[in-house]
Amino acid sequence: MRSFHLEIRISPRPGLLNPEGNAVQHALESLGYDSVKDVRVGKTFYVQLSAADEDAARTLAEDMSRRLLANPVTEDFRIEVSELAEVPA
Amino acid sequence: MRSFHLEIRISPRPGLLNPEGNAVQHALESLGYDSVKDVRVGKTFYVQLSAADEDAARTLAEDMSRRLLANPVTEDFRIEVSELAEVPA
Amino acid sequence: MTSTLDAQPARHGTAAEPRPGDPEITPELVSEHGLSTDEYEQIVRTLGRTPTYAELGVFSAMWSEHCGYKNSKRLLRLLPTEAPWVIQGPGENAGVIDAGDGYALAFKIESHNHPSAVEPYQGAATGVGGILRDIFTMGARPIAVLDSLRFGDLDSGRVRYLFDGVVRGVGDYGNCVGIPNIGGEVHFDRGYEGNPIVNAMCLGLMKRDDLILGEASGVGNPLMAVGARTGRDGIHGATFASEELSEDSQHSRPQVQIGDPFTEKLLLEASLELIKSGHIVGIQDMGAAGITSSASEMAGRAGSGVEIDTAKVPVREPGMTPYEILLSESQERMLVVAKAGHEGHVEAILNKWELEAAVIGAVTDDGMFRVREGDRVVAEIPALPLTDGCPTYEREGIESDEVRALRERDLGHVLRDGDLSDALLDLLDSPNIGSKRWIYDQYDSTVRASTVAEPGGDAGIVRIRGTNRAIAATTDCNGRYTYLEPRVGAMIAVAEAARNLACVGASPVAITNNLNFGNPERPHIYFQLREAVLGMAEACGVFETPVTGGNVSLYNETDGAAIYPTPVIGMVGLIADVSHVTGSGFRAVGDAIVLFGECADELGGSEYLYRATGEVAGAPPRVDLLAERALQRLLLDLGRQGLLHSAHDCSEGGLAVALAESAIAGTEGRFGCDVSLDDELPGTALLFSETQGRVVVTVEPARLDLVLEAAGAHGVPAKRIGTVERAGHGLKIRSPRAEVSVSLEAAARQYFSAIPRRMEQNVSVDRAATSPPT
Amino acid sequence: MRVAVVTFPGSNCDHDGYHAFKLVGADTRFLWHRETDLSDTDAVLLPGGFSYGDYLRSGAIARFSPVMEAVVAFARAGGPVLGICNGFQILCEAGLLPGTLLRNESRRFRAHDVWIRVERSDTPFTLAYEAGRVLRVPIAHADGNYFADSDTLARIEDRGQVVFRYTDPDGNPDPAYNPNGAQNRIAGIVSEQGNVLGMMPHPERAVESVHSSTDGLGVFQSLVTSLQPVP
Ligand SMILES: Nc1ncnc2c1ncn2[C@@H]1O[C@H](COP(=O)(O)OP(=O)(O)O)[C@@H](O)[C@H]1O
Ligand SMILES: [Mg+2]
Numbered sequence: 013m014r015s016f017h018l019e020i021r022i023s024p025r026p027g028l029l030n031p032e033g034n035a036v037q038h039a040l041e042s043l044g045y046d047s048v049k050d051v052r053v054g055k056t057f058y059v060q061l062s063a064a065d066e067d068a069a070r071t072l073a074e075d076m077s078r079r080l081l082a083n084p085v086t087e088d089f090r091i092e093v094s095e096l097a098e099v100p101a
Numbered sequence: 013m014r015s016f017h018l019e020i021r022i023s024p025r026p027g028l029l030n031p032e033g034n035a036v037q038h039a040l041e042s043l044g045y046d047s048v049k050d051v052r053v054g055k056t057f058y059v060q061l062s063a064a065d066e067d068a069a070r071t072l073a074e075d076m077s078r079r080l081l082a083n084p085v086t087e088d089f090r091i092e093v094s095e096l097a098e099v100p101a
Numbered sequence: 037m038t039s040t041l042d043a044q045p046a047r048h049g050t051a052a053e054p055r056p057g058d059p060e061i062t063p064e065l066v067s068e069h070g071l072s073t074d075e076y077e078q079i080v081r082t083l084g085r086t087p088t089y090a091e092l093g094v095f096s097a098m099w100s101e102h103c104g105y106k107n108s109k110r111l112l113r114l115l116p117t118e119a120p121w122v123i124q125g126p127g128e129n130a131g132v133i134d135a136g137d138g139y140a141l142a143f144k145i146e147s148h149n150h151p152s153a154v155e156p157y158q159g160a161a162t163g164v165g166g167i168l169r170d171i172f173t174m175g176a177r178p179i180a181v182l183d184s185l186r187f188g189d190l191d192s193g194r195v196r197y198l199f200d201g202v203v204r205g206v207g208d209y210g211n212c213v214g215i216p217n218i219g220g221e222v223h224f225d226r227g228y229e230g231n232p233i234v235n236a237m238c239l240g241l242m243k244r245d246d247l248i249l250g251e252a253s254g255v256g257n258p259l260m261a262v263g264a265r266t267g268r269d270g271i272h273g274a275t276f277a278s279e280e281l282s283e284d285s286q287h288s289r290p291q292v293q294i295g296d297p298f299t300e301k302l303l304l305e306a307s308l309e310l311i312k313s314g315h316i317v318g319i320q321d322m323g324a325a326g327i328t329s330s331a332s333e334m335a336g337r338a339g340s341g342v343e344i345d346t347a348k349v350p351v352r353e354p355g356m357t358p359y360e361i362l363l364s365e366s367q368e369r370m371l372v373v374a375k376a377g378h379e380g381h382v383e384a385i386l387n388k389w390e391l392e393a394a395v396i397g398a399v400t401d402d403g404m405f406r407v408r409e410g411d412r413v414v415a416e417i418p419a420l421p422l423t424d425g426c427p428t429y430e431r432e433g434i435e436s437d438e439v440r441a442l443r444e445r446d447l448g449h450v451l452r453d454g455d456l457s458d459a460l461l462d463l464l465d466s467p468n469i470g471s472k473r474w475i476y477d478q479y480d481s482t483v484r485a486s487t488v489a490e491p492g493g494d495a496g497i498v499r500i501r502g503t504n505r506a507i508a509a510t511t512d513c514n515g516r517y518t519y520l521e522p523r524v525g526a527m528i529a530v531a532e533a534a535r536n537l538a539c540v541g542a543s544p545v546a547i548t549n550n551l552n553f554g555n556p557e558r559p560h561i562y563f564q565l566r567e568a569v570l571g572m573a574e575a576c577g578v579f580e581t582p583v584t585g586g587n588v589s590l591y592n593e594t595d596g597a598a599i600y601p602t603p604v605i606g607m608v609g610l611i612a613d614v615s616h617v618t619g620s621g622f623r624a625v626g627d628a629i630v631l632f633g634e635c636a637d638e639l640g641g642s643e644y645l646y647r648a649t650g651e652v653a654g655a656p657p658r659v660d661l662l663a664e665r666a667l668q669r670l671l672l673d674l675g676r677q678g679l680l681h682s683a684h685d686c687s688e689g690g691l692a693v694a695l696a697e698s699a700i701a702g703t704e705g706r707f708g709c710d711v712s713l714d715d716e717l718p719g720t721a722l723l724f725s726e727t728q729g730r731v732v733v734t735v736e737p738a739r740l741d742l743v744l745e746a747a748g749a750h751g752v753p754a755k756r757i758g759t760v761e762r763a764g765h766g767l768k769i770r771s772p773r774a775e776v777s778v779s780l781e782a783a784a785r786q787y788f789s790a791i792p793r794r795m796e797q798n799v800s801v802d803r804a805a806t807s808p809p810t
Numbered sequence: 007m008r009v010a011v012v013t014f015p016g017s018n019c020d021h022d023g024y025h026a027f028k029l030v031g032a033d034t035r036f037l038w039h040r041e042t043d044l045s046d047t048d049a050v051l052l053p054g055g056f057s058y059g060d061y062l063r064s065g066a067i068a069r070f071s072p073v074m075e076a077v078v079a080f081a082r083a084g085g086p087v088l089g090i091c092n093g094f095q096i097l098c099e100a101g102l103l104p105g106t107l108l109r110n111e112s113r114r115f116r117a118h119d120v121w122i123r124v125e126r127s128d129t130p131f132t133l134a135y136e137a138g139r140v141l142r143v144p145i146a147h148a149d150g151n152y153f154a155d156s157d158t159l160a161r162i163e164d165r166g167q168v169v170f171r172y173t174d175p176d177g178n179p180d181p182a183y184n185p186n187g188a189q190n191r192i193a194g195i196v197s198e199q200g201n202v203l204g205m206m207p208h209p210e211r212a213v214e215s216v217h218s219s220t221d222g223l224g225v226f227q228s229l230v231t232s233l234q235p236v237p
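Chains as they are written, first to last, in this note's numbering: chain U, 13 to 101; chain W, 13 to 101; chain D, 37 to 810; chain R, 7 to 237.
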């Protein structure tokens, strides 16, 4: 088994209201960051797991995103996988 | 001015309690994902802004993360910058 | 089935052009819009031509059950709506009654069942948002929220996921806006497995003179969109809410609406300031069917016309079509009719609250609901036929044989005598009976610093600051009773609500109601609907609690299985002097325990039956409305004289549970009790029948005679049945055929862990384990 | 005594705080968050609620409101500032109080009465109480879990900055009565100089006979007393 680090980024589905993003955008504007055009806020899960290979790790990640981490009604997700340096068992 | 897309990832500082990550990890375990070793949860800001160049965009992003987006007591941040295809004015 | 309202020919031929890119109007498209062939023909006659795509969308929304009350309008006319204290009856955004001292109280209940079935958190949250807007558009400041919820059995993971999401949604929204939650109810029963019910009620207070109505009057006055921008969310929500759910609903659902309670709070403050400012003549929430329903209803009420330019509506996304803009159900938006020339003032008020306002049209005098997109007219519909011309149906109602058989079933098999301690402990562990603290601890119930009675008692109470007055409210309905015998069930719902109010010391004055039913096109369902309305009408007549408004949510069915018919009653009561409030918990050792009303063998539809056998069967308890009225008057009398230490009504779980609740759930610490009854009824029937018209009160022994005399004078059966004891004594109940002896710790453990222990599991797992594959 | 109650967009306990101060006879006014003039002010209340919807982090956006610069200056000059619930969160974000308030351990909003022990009666906010007295007051928050890094925590304990701690009804430490997982059961702290108090519970909801207790009244009475000119 090898060890992987996953970053699963959950973002609000385009077209849906993102109140938190709006609030942050306004706050940034009033702080003088007037070049900001749009802000959306999502979650990221940093997961460590073991799997046979990268493909297996990715499949697991997709599976758990679909089932648990992302709300299928309101959110999309994206996955990045990187292998961790081997730790001797 | 050029347009940039920023992803600013805020994560709980390692070593701090991470109740949400723990809860997700338990949830994953009870769903049978027993190869999961660790889960941490953070926020991600997807920001669009205009700036003279990539460095300027990154500096802005660092500035606003430090001032507003990250909690200096408990959180770290990481920034990714990518340029957006030019949109004719 | 008969359809009313002959088509009214267009007064002058209306003109609207199709927009390039619009789909062709085909029979399939018409049917996708939930319109029948007859209804479509009526539309053609009304317009004198084929509707444009935008017009089809507009009719589809306005003539949906949700907006048009197609199947319920005729029944609703049977309800009593008048009393000297009613200021505004049905038809407006909310009903309004006189609350004394120059105050008026606006209140209403609203459902968000379908959205909550798809996305429980946002569905419930936006449900609360919508009902708050209905209240503050009347000029009233929201002062309390209640929520009435129904779910399947908590053994199901999907149900736990829905329950958890709904409670968080109700809580987060109300907490953020800062409106205390003062009560509600929740029932779990397999009858709600696929279709949770989420009804939210709001009460608002205003000075009588601040009342404002949703009317678009004054030709030339500008229409302004205020608050949040319009996005593509919830397009066709009203039509969706008027369909049965199916496997497909998960996919064919409209874009869900996301609530933003922060914007709502700003909109609330801005709207109240606008109404006081004198710069506007009318205001209305853009709720179901969005701009379409708010604009056409405002025109309909004023008998005027309106013209809107969709190009002027502030949108969240580029490229939205008139169809989308007209039907969007984006939240936290209002339509305002300003006084001509005052637009700038309106904008300034909105800007102060960091919100936007834009002129999107004007009031006209031609009776038309006209929509332009720049120069092109995309819809032109006579406003009255659109709002009031929705065809209404009176359908055939037939009682289902299956239900009749259930009702007639003999329940002899659950009659037991002897030691029933375990049966009581088991009932206390039912999530239908156990403490609801797990829910209401997630709700801020003390914000506004005016809450007199938080959730946990028979009714919630908020005082009117600066006066001695207070307002009480409760929601009630037992769907099992209504299922088994709809008319009786509805009467009981009204009676229980009134009894709950009388217990705390409030005179019942009016109701709002939410009719949650299945598909009315099915005769068995229409029967339930009609019977329930008749029962409600009769009870409201006897109690002089007119109906000032409500909501209808039909088609609560999944794959052909309907929910229990659930006519939720939201009742309000007035308290002239807040020092007369009575709680439901025992207060002092040595107090006499008195039972008002009489016990009977009526286990039909009871929680005991459901727990013991899994059945929902038998005849529901009988209800004697005149006896109920006498009981209410007695309680109010005694409360005013300060003779009662506690009062608690017997409902689910019967007498034994009522005694246990008064012992363990009181705020003044826990007490035991020693009760002995001389009734010869079978043990389970005596202890657990949900016989109506009964209240357990406690009084100082020295005042016992006064109380019994008063009961006699009101014609209410009353007898002393026991004494409040120290906690160490435990709960002891004895009768010729039954005996209960449990420790207080055991009872409290069961009662307080019933819901939390079932919700301990990680509920996100529940969604994952049960959500349909994507 | 002249009190300014700040209203941020999303504040919803501003009126409750206003009435509590009125009850103890203070000359009280509301101050919209864009105003910056505190010249006629003897004490400032940052009320509870959901400033900016609690989006991003509770208090994180409000602390940049125009009024906050004036509040910081007012506090630095020794003026008493009381932050309740969201007000406490804002004070931490603004750096007027150490530490931060994390999500409740239960990860749920919690609203019910709690018991807090008065650890110090020598602050302008607690003069009316005796040290050790246990108060019954409501909480209503999702982010009330007080956290500071270990050095900071040690420092505020050493300097006696903890003013209120969650206890059982008899004043004993009991984790079952810590509603949010706060470190050292901290419910309220003062600044080093002692003139800025932040607390999660709502004393303004426990001041009248219709409330479940009147134990919160002392906070407001204390402020009035402390500001009375010595005769
Ligand atoms: N969904 C809810 N929201 C708020 N309070 C609730 C909810 N469900 C139940 N409660 C409260 O819990 C208490 C017990 O509820 P219930 O057993 O239905 O009362 P009753 O039988 O006296 O009508 C009541 O005070 C009620 O207001
Ligand atoms: Mg009950």
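Where is the CB? At the ideal position from N, CA and C, for every residue including glycine.
| query | Are the Cβ atoms of Thr618 of chain D and Leu451 of chain D separated by less than 8 Å? | reply | 8 Å or more divides the Cβ of Thr618 of chain D from the Cβ of Leu451 of chain D.
| query | Mapping DSSP to helix, strand and coil, what is Thr649 of chain D? | reply | For Thr649 of chain D, the three-state secondary structure derived from DSSP is helix.
| query | CA-CA distance, Gly54 of chain U and Asn34 of chain U? | reply | Pairing Gly54 of chain U with Asn34 of chain U, the inter-Cα distance amounts to about 12 Å.
| Cβ contact check for the segment 227-234 of chain D and the segment 591-604 of chain D: 3 or more pairs under 8 Å | These segments touch.
| query | Closest Cβ-Cβ distance between Ser15 of chain U and chain R: below 8 Å? | reply | Not an interface residue.
| query | Which runs of the alpha helix (DSSP H), 4 residues or longer, sit entirely within the segment 388-443 of chain D? | reply | Given a length threshold of 4 residues, each whole run of the alpha helix (DSSP H) inside the segment 388-443 of chain D is given here in chain order: 419-424.
| Short Cβ contact (8 Å threshold) for Pro753 of chain D with Phe632 of chain D | Going by C-beta atoms, Pro753 of chain D is nearer than 8 Å to Phe632 of chain D.
| Between Ser486 of chain D and Glu557 of chain D, what straight-line distance do the alpha-carbon atoms span, to the nearest angstrom? | One C-alpha to the other measures close to 45 Å.
| task | Output the boundary residues of the beta strand (DSSP E) element that contains Trp121 of chain R. | result | Its beta strand (DSSP E) spans residues Arg116 to Val124.
| query | How would you list, in chain order, the residues of chain U whose beta-carbon sits under 7 Å from the beta-carbon of Ser23 of chain W? | reply | Per Cβ cutoff of 7 Å: Tyr58.
| Between which two residues does the beta strand (DSSP E) harbouring Pro24 of chain W extend? | Arg14 to Pro24 is the extent of the beta strand (DSSP E) around Pro24 of chain W.
| request: Classify Trp38 of chain R as buried or exposed, calling it buried when 16 or more other Cβ atoms lie within 10 Å of its own Cβ. | output: By the neighbour-count rule (16 or more Cβ atoms within 10 Å), Trp38 of chain R is not buried but exposed.
| query | Got a sec: is the Cβ-Cβ distance from Ala66 of chain R to anything in chain W below 8 Å? | reply | By this cut-off, Ala66 of chain R is an interface position.
| From the beta carbon of Ala43 of chain U, is the nearest beta carbon of chain R less than 8 Å away? | What sits at residue 43 of chain U in the sequence shown is Leu, not Ala. Closer than 8 Å to the CB of Leu43 of chain U there is at least one CB belonging to chain R.
| query | In terms of residue numbering, what span does the beta strand (DSSP E) encompassing Met76 of chain U cover? | reply | Run containing Met76 of chain U: none in the beta strand (DSSP E); it sits in the alpha helix (DSSP H), Glu66 to Met76.
| Straight-line Cα distance separating Ile192 of chain R from Gly166 of chain R | If you take the alpha carbons of Gly166 of chain R and Ile192 of chain R, they lie about 12 Å apart.
| Member of D:Glu75, D:Pro544 and D:Glu761 whose CA lies at the smallest distance from the CA of Val578 of chain D | Considering only D:Glu75, D:Pro544 and D:Glu761, the residue with the shortest C-alpha distance to Val578 of chain D is D:Pro544.
| said: Taking CB distances under 8 Å as the criterion, tell me whether Val115 of chain U reaches chain R. | reply: This structure leaves residue 115 of chain U out entirely; chain U is present only between 13 and 101.
| task | Using a Cβ cut-off of 8 Å (strictly closer), state whether Arg505 of chain D contacts chain R. | result | Output row for Arg505 of chain D: interface = no.
| task | Put Arg516 of chain D into one of helix, strand or coil per three-state DSSP. | result | In the structure shown, Arg516 of chain D sits in a helix (DSSP, three-state: H, G or I).
| query | Between Leu62 of chain R and chain U, is there a C-beta pair that is closer than 8 Å? | reply | Judged by the 8 Å Cβ criterion, Leu62 of chain R is in contact with chain U.
| field | Neighbourhood of Gly159 of chain D by C-beta, 6 Å cutoff - its chain only, sequence neighbours within 5 removed | value | Its chain contains His148, Pro151 and Ser152 as the residues whose beta carbon lies nearer than 6 Å to that of Gly159 of chain D, once the 5 sequence neighbours on both sides are disregarded; these appear in chain order.
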